[in-house]
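Each remark here refers to the structure printed beneath this line.
Residue numbers (my numbering): 330 to 583.
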């Protein structure tokens, strides 16, 4: 296909990095963004060495001035066709009664305001491309609640609503809006960050689950969704491992 450009936020690890690799393999020019400059530059170099076109930008999606500067710079390098809003994360498992409001603000900033910042900044370019796609990586937490997840659940509900609302508002324009909502995905950092570096608690999340999803499973789904014909919109794709029937019902062996 004619080279198209895809921007992936939170591309330094996990689902974001896996998605960048998949999109590059599918023929996209990939623009990688994340706060950790060394990691995205290493991934861009890896993709370039494999014969793909990739560039890394150090970017904090919660910094609106930085996001706007990124969009302006990107605009000088041609059209943007796909935006994958992947940057996000969870902090803590405290109850509503005991949670630290600072954790809730941090989760809201990255999972909701971050999506808003990057989407607003790139929407003119996506529209001008004549065939744009905004993809929001939400979570099954954005569709159902569970104890100890109040702040993350609230934030991912916000991301879910952004996708739903944007789809209504962009109806009739050449931009489609896709939401992918993963369930249990074992990555190297998500649970560890949530439990503030406690590796034993992070490992316990997946204990006894024979085959939790991995980052590449979600990256595969994202790449499939954004490479459908332009008239096809995958409104919402919910992906869980077979062992997970809901956010709180998981089959664990042994």
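All C-beta atoms, glycine included, are put in the ideal place defined by N, C-alpha and C.
Taking residue i as the reference, which of the options has the closest Cα?
| i | options | result |
| --- | --- | --- |
| residue 586 | 443, 412, 546 | This structure gives no information on residue 586, because the portion of the chain shown stretches from 330 to 583. |
| residue 441 | 376, 471, 522, 422 | 471 |
| residue 343 | 436, 555, 372 | 372 |
| residue 355 | 568, 535, 557, 571 | 557 |
| residue 583 | 577, 569, 574, 535 | 535 |
| residue 561 | 506, 336, 445 | 506 |
| residue 575 | 404, 474, 459 | 474 |
| residue 408 | 429, 445, 336 | 336 |
| residue 522 | 418, 411, 334 | 418 |
| residue 375 | 358, 350, 357 | 350 |
| residue 481 | 519, 462, 515 | 519 |
| residue 449 | 504, 527, 514, 370 | 504 |
| residue 533 | 358, 581, 565 | 581 |
| residue 381 | 369, 546, 358 | 358 |
| residue 484 | 531, 529, 458, 433 | 433 |
| residue 573 | 514, 391, 524 | 514 |
| residue 488 | 565, 531, 578 | 565 |
| residue 345 | 379, 550, 531 | 550 |
| residue 391 | 429, 492, 361, 447 | 447 |
Any beta-carbon of chain C closer than 7 angstroms to the one on residue i?
| i | result |
| --- | --- |
| residue 554 | This model lacks chain C altogether; it includes just one protein chain. |
Do residue i and residue j have their CB atoms nearer than 7 angstroms?
| i | j | result |
| --- | --- | --- |
| residue 383 | residue 548 | no |
| residue 465 | residue 438 | no |
| residue 352 | residue 552 | yes |
| residue 431 | residue 468 | no |
| residue 567 | residue 554 | no |
| residue 339 | residue 415 | yes |
| residue 333 | residue 406 | no |
| residue 479 | residue 425 | yes |
| residue 512 | residue 569 | yes |
| residue 516 | residue 477 | no |
| residue 559 | residue 404 | no |
| residue 445 | residue 435 | no |
| residue 412 | residue 463 | yes |
Over the uninterrupted alpha helix (DSSP H) stretch that includes residue i, give me the two end residues.
| i | result |
| --- | --- |
| residue 529 | 528 to 533 |
| residue 551 | 544 to 555 |
| residue 401 | 393 to 404 |
| residue 371 | 366 to 378 |
| residue 456 | 443 to 457 |
| residue 494 | 479 to 498 |
| residue 474 | Counting along the chain, residue 474 falls outside any alpha helix (DSSP H), and DSSP gives it neither H nor E. |
| residue 348 | 343 to 354 |
| residue 430 | 430 to 437 |
Could you pull the start and end residues of the beta strand (DSSP E) that residue i belongs to?
| i | result |
| --- | --- |
| residue 461 | 461 to 466 |
| residue 536 | Note, residue 536: premise wrong, no beta strand (DSSP E); not H, not E. |
| residue 335 | 334 to 337 |
Residue i bridges to which residues according to DSSP?
| i | result |
| --- | --- |
| residue 414 | 465 |
| residue 566 | 509 |
| residue 385 | 361 |
| residue 515 | 543 |
| residue 575 | 578 |
| residue 422 | DSSP output for residue 422 lists no bridge partner at all. |
| residue 409 | None; residue 409 has no bridge partner. |
| residue 522 | In DSSP, residue 522 forms no bridge with anything. |
| residue 561 | The partner list for residue 561 (beta bridge, DSSP) is empty, contrary to what the question assumes. |
| residue 504 | 461 |
Please confirm whether any heavy atom of the ligand GTP lies closer than 6 angstroms to the CB of residue i.
| i | result |
| --- | --- |
| residue 372 | With respect to the ligand GTP, the structure offers nothing, as it holds no ligand at all. |
query = If we count Cβ pairs, one from each stretch, closer than 8 angstroms, do we get three or more for the region 395 to 412 versus the region 445 to 456?
reply = Yes, the region 395 to 412 is in contact with the region 445 to 456.
inquiry  = Under 8 angstroms: do the region 486 to 506 and the region 536 to 545 share three or more Cβ pairs, one atom per stretch?
reply    = Contact fails: fewer than three Cβ-Cβ distances are below 8 angstroms.
inquiry  = Three Cβ pairs or more, each shorter than 8 angstroms: is that satisfied between the region 354 to 374 and the region 386 to 393?
reply    = The region 354 to 374 makes contact with the region 386 to 393, as at least three CB pairs between them are under 8 angstroms.
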